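Novice:
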Amino acid sequence: MVINRVIIFIFFSLAIIFPIDSDGDGYSDKLELELGTDPDNIESRYYYGYWPFNMNKDSIKGSEIPIHCPFDISCGCESNKDCINQNCKRSVKGAYYCTPKPGDTFPRFIAVDQYGESVDIYDFSMQGKIIAIEFGASWCGPCRDLSNWLSTGDNSTIANNRWWKKEYEIIKEKIDKGQIIFITILFQDDLRNNAGYDTVTDWHEKYPNHKIPVLADEYADIHQWIKPTGYPCINLLDENMRLLNFTSRGLSEAFDMLSGLKPIPKLD
0 MVINRVIIFI
10 FFSLAIIFPI
20 DSDGDGYSDK
30 LELELGTDPD
40 NIESRYYYGY
50 WPFNMNKDSI
60 KGSEIPIHCP
70 FDISCGCESN
80 KDCINQNCKR
90 SVKGAYYCTP
100 KPGDTFPRFI
110 AVDQYGESVD
120 IYDFSMQGKI
130 IAIEFGASWC
140 GPCRDLSNWL
150 STGDNSTIAN
160 NRWWKKEYEI
170 IKEKIDKGQI
180 IFITILFQDD
190 LRNNAGYDTV
200 TDWHEKYPNH
210 KIPVLADEYA
220 DIHQWIKPTG
230 YPCINLLDEN
240 MRLLNFTSRG
250 LSEAFDMLSG
260 LKPIPKLD
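Mapped onto numbering that gives the first Met the number 0, the consecutive letters of the sequence shown carry residue numbers 0 to 267.
1) Since Ser258 contacts Glu172 with CB under 8 Å, what's their CB separation in whole angstroms?
2) Which residues does DSSP list as the beta-bridge partners of Asp119?
3) Rounded to whole angstroms, how far is the Cβ of Tyr96 from the Cβ of Gly115, which I believe are closer than 8 Å?
4) According to the neighbour-count rule (16 or more other Cβ atoms, all chains shown, within 10 Å of its Cβ), is Lys226 buried or exposed?
5) For Ile132, I'd like the list of residues in its chain whose CB is within less than 6 Å of its CB, leaving aside the five on either flank, ordered along the chain.
6) Is the Cβ-Cβ distance between Ser62 and Pro106 less than 8 Å?
7) Give a yes or no on contact between the region 179-197 and the region 124-144, applying the rule of three or more CB pairs nearer than 8 Å.
8) Among residues of its own chain, excluding the 5 on either side of Leu149, which ones have a beta-carbon nearer than 8 Å to its beta-carbon?
9) The alpha helix (DSSP H) with Gly140 in it runs from where to where?
10) Comparing C-alpha positions only, which one of Pro231, Ala94 and Asn244 sits nearest to Lys261?
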């Protein structure tokens with residue numbers, strides 16, 4: 000009797016630590032029952048792309064899309080007091096804007112992915128992983144080089160870019176193993192028209208990596224928030240969607256952190 004109780008206790012303890020996922024789709028049986036999907040059918044899942052779902056995402060308070068001015072990040076300003084984050088900076092074109100900085104929360108962005116589904120970017124939060132947000136366009140050559148490498152592992156083309164470092168090779172391995180979350184956001188297609196479902200689907204067909212969601216910034220909401228000056232532009236978030244770094248161009252700082260060349264900052 001005592002042995003049976005011990006076995007039952009161990010079973011339930013393991014079930015708490017390692018949630019049961021009967022169909023192996025990445026969603027626990029408990030979560031699937033809450034979402035109304037079938038825990039015994041791998042074809043019945045919340046996201047076709049197997050993206051995570053966060054039941055607690057509403058607890059994260061970031062900017063709403065579209066941005067509401069004045070005071071919010073990306074709005075015009077004259078001094079720090081005009082900005083909710085006290086960070087009024089001059090842009091390369093001379094205008095002043097409330098600019099994102101480390102510690103700021105990434106906006107709640109909902110967009111179509113390569114499978115035609117509306118994806119809430121906050122569903123990737125609270126997974127205990129760093130989130131890399133790549134912002135680019137399908138006409139961008141270095142963006143193509145990056146996605147080709149992330150798809151094939153062939154670095155012969157990407158290595159021609161002056162910012163490439165051999166130490167970055169470990170990043171693809173971390174993405175493929177699910178150790179970090181990598182999200183691509185495209186805002187324009189090859190003709191520099193606004194990105195849409197066709198844009199991200201075509202991108203995924205050219206550079207398939209089933210670990211990487213590709214989202215369309217159809218109304219340039221994230222473009223307005225970041226105000227990028229070069230592509231690809233990669234910023235890192237912690238699991239609570241807070242910026243670990245901020246840049247409006249390039250990937251060096253983010254990739255230096257992901258590859259271990261630089262320490263990842265700890266936020267309060």
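We put the beta carbon where it would ideally sit given N, CA and C, even for glycine.
Treat the numbers as computed from the prediction; the structure is a model and nothing was measured.
Specialist: Checking against the coordinates, here is how it stands:
1) Not quite, the Cβ-Cβ distance comes to about 10 Å (not below 8 Å), so this is no contact.
2) Beta-bridge partners of Asp119 (DSSP): Ile109.
3) Between Tyr96 and Gly115 a beta carbon distance of about 33 Å is seen, past the 8 Å cut, so the two are scored as non-contacting.
4) Its Cβ being crowded by 16 or more others within 10 Å, Lys226 is buried.
5) Around Ile132: Ile182 and Asn234.
6) At the C-beta level, Ser62 and Pro106 come within 8 Å of one another.
7) By the Cβ rule, the region 179-197 counts as touching the region 124-144, because three or more pairs are nearer than 8 Å.
8) Closer than 8 Å at the Cβ level, and outside the excluded window around Leu149, lie Lys171, Ile174, Phe181, Tyr206, Asn208 and Ile211.
9) From DSSP, the alpha helix (DSSP H) with Gly140 extends over Gly140 to Thr151.
10) Per the C-alpha coordinates, the member of Pro231, Ala94 and Asn244 positioned closest to Lys261 is Asn244.
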